[in-house]
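K.L.:
The following block contains the structure, expressed as structure tokens.
Number of protein chains: 2
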Amino acid sequence: MKKQLQPIDAEALLVEHEFKKTPLRIMLLETLSLSPSPLPVLKLQRKLKKLAADPATIYRALNAFVEAGIVNALTVDKTKVMYELVQEKNHLHHIVCNSCSAVESIPFCVKTIDQQAVKLSRQFNKIHSHQLAFVGTCRKCVRALR
Amino acid sequence: MKKQLQPIDAEALLVEHEFKKTPLRIMLLETLSLSPSPLPVLKLQRKLKKLAADPATIYRALNAFVEAGIVNALTVDKTKVMYELVQEKNHLHHIVCNSCSAVESIPFCVKTIDQQAVKLSRQFNKIHSHQLAFVGTCRKCVRALR
DNA sequence: CTGCTAATTGCAAATCATTTGCATTTGTAT
DNA sequence: ATACAAATGCAAATGATTTGCAATTAGCAG
Chain A
55 MKKQLQPIDA EALLVEHEFK KTPLRIMLLE TLSLSPSPLP VLKLQRKLKK LAADPATIYR
115 ALNAFVEAGI VNALTVDKTK VMYELVQEKN HLHHIVCNSC SAVESIPFCV KTIDQQAVKL
175 SRQFNKIHSH QLAFVGTCRK CVRALR
Chain B
55 MKKQLQPIDA EALLVEHEFK KTPLRIMLLE TLSLSPSPLP VLKLQRKLKK LAADPATIYR
115 ALNAFVEAGI VNALTVDKTK VMYELVQEKN HLHHIVCNSC SAVESIPFCV KTIDQQAVKL
175 SRQFNKIHSH QLAFVGTCRK CVRALR
């Protein structure tokens, strides 16, 4: 049972977030929405090569999307930043190959990890480690911010 | 009930992993072992300033430790790499403030996340998101490697 | 304790992904 | 169609991390 990839309405998404609809941004969002796993910048550049897009422009677009909460930037190891569309079903869980760096998104949430972990490890052969981080605001900052 | 920090025997650890016992490495491991949370390179540099250690040396030591499995490199957001000692009780879970970037290690494992999540969010005020990644080896690579 | 050898370090230069300034182009509202 | 702000391309800047190489140091043998 493979996960069905829903193509998104990139233009609507851009309008919703008050971005101008440019070819690069549209194709960027569509590319992300059609990928079964988070994409590193290099792969995005390849996918967008028809547009002869400047790296700077791609970075600017990605950063703007992250800022707007449309896209999630994922960093599993030091050097590898990957981007993925933020979606309902997407709870930001991933599994990464420590050999070839392949990444898969995992379609379940923390709440059910326990039961799924076993299946998961069979699919992926072997899990060596995992990393979990919560992001929030600590009390000190909440105080400081008001 | 605060977590007790156990100072480690840095010299023994170095010997065990066939590293030479140099002042920098000893202090580096001790610093990491006494920190309640993962430390970014910048803070490590500050802590080691008595030794006037060259950044290159610190990076080399950290990379060697990570390679040896003594230290874990944690990257929560794009630019911030942090290092922490790998310890029995340390299951590589963290909570990060999205305002000041403070990081706390979380003393429980995935298996009990469900029950702990509530307490956790009270302590930390508010959790906006979380990120979980498993690292392992995919089938393709297992095949390729033999 | 002394000397030997390989590992470690400091320094300076190189690297590489990402960011930035600025002039030009493009999208959108009027 | 026009105007203005936003987006882009290009080249240069940035900044953390890495690397080459010569000098130093730790560990070991005698």
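For the record, the sequence lines run as chains A and B.
Counting in this note's numbering, the first sequence runs from 55 upward without gaps.
Counting in this note's numbering, the second sequence runs from 55 upward without gaps.
Positions of the beta carbon are idealized from the N, C-alpha and C atoms, including for glycine.
Got a sec: is the Cβ-Cβ distance from K185(B) to anything in chain A below 8 Å?
P.N.:
Before going further, note that residue 185(B) is Gln rather than Lys in the sequence given. Output row for Q185(B): interface = yes.
K.L.:
Rounded to whole angstroms, what is the Cα-Cα separation between L88(A) and A198(B)?
P.N.:
Roughly 27 Å between the two C-alpha positions.
K.L.:
With a cut-off of 8 Å, does the C-beta of L128(B) fall near any C-beta of chain A?
P.N.:
So yes, L128(B) belongs to the interface.
K.L.:
Chain B partners of V150(A), CB-CB under 8 Å?
P.N.:
What V150(A) touches in chain B: A187, F188, V189 and G190.
K.L.:
Please state whether DSSP places F178(A) in a helix, a strand or coil.
P.N.:
F178(A): helix per DSSP, three-state reduction.
K.L.:
Roughly how many angstroms lie between the CA atoms of L102(B) and F119(B), to the nearest whole one?
P.N.:
About 17 Å.
K.L.:
Ends of the alpha helix (DSSP H) at S87(B)?
P.N.:
That run of the alpha helix (DSSP H) goes P77 to L88.
K.L.:
Three-state secondary structure (DSSP) at V140(B)?
P.N.:
Of the three classes helix, strand and coil, the one that applies to V140(B) here is coil, per DSSP.
K.L.:
Can you tell me whether DSSP reads I251(A) as helix, strand or coil?
P.N.:
Since the first residue shown for chain A is 55 and the last is 200, residue 251(A) is missing from the structure and cannot be characterised.
K.L.:
From the beta carbon of K97(A), is the nearest beta carbon of chain B less than 8 Å away?
P.N.:
No - not a single Cβ of chain B is within 8 Å of the one on K97(A).
K.L.:
Measure from the C-beta of N63(B) to each C-beta in chain A and report whether the shortest distance is under 8 Å.
P.N.:
The displayed chain sequence assigns Asp, not Asn, to residue 63(B). Chain A contact via Cβ: absent.
K.L.:
Determine the extent of the beta strand (DSSP E) in which V130(A) is found, giving its start and end residues.
P.N.:
Taken as a continuous stretch (DSSP letters only), V130(A) belongs to no beta strand (DSSP E), as it is neither H nor E.
K.L.:
For the beta strand (DSSP E) containing L72(A), name the first residue and the last one.
P.N.:
Note on identity: in this sequence residue 72(A) is Glu, with Leu being the wrong assignment. Looking at the DSSP string, E72(A) is not in any beta strand (DSSP E), and its letter there is neither H nor E.
K.L.:
Applying a beta-carbon distance threshold of less than 7 Å, which residues of chain A neighbour D131(B)?
P.N.:
In chain order: T129.
K.L.:
I'd like to know if the region 64-72 of chain B and the region 93-111 of chain B are in contact, where contact means that at least 3 CB-CB pairs between them fall below 8 Å.
P.N.:
No: the two stretches stay apart, fewer than three of their Cβ pairs being nearer than 8 Å.
K.L.:
DSSP three-state label for Q185(A), please.
P.N.:
In this structure, Q185(A) counts as strand in the three-state DSSP scheme.
K.L.:
What is the residue span of the alpha helix (DSSP H) that L98(B) lies within?
P.N.:
Run containing L98(B): V95 to K101, per the alpha helix (DSSP H) assignment.
K.L.:
Taking C-beta pairs closer than 7 Å, name the residues in chain A that V135(B) reaches, listed in chain order.
P.N.:
In chain order: K132.
K.L.:
Please classify G123(B) as buried or exposed, where buried requires at least 16 neighbouring CB atoms within 10 angstroms.
P.N.:
Its Cβ having fewer than 16 others within 10 Å, G123(B) is exposed.
K.L.:
Contact criterion: CB-CB distance below 8 Å. Does F178(B) meet it with respect to chain A?
P.N.:
Output row for F178(B): interface = yes.
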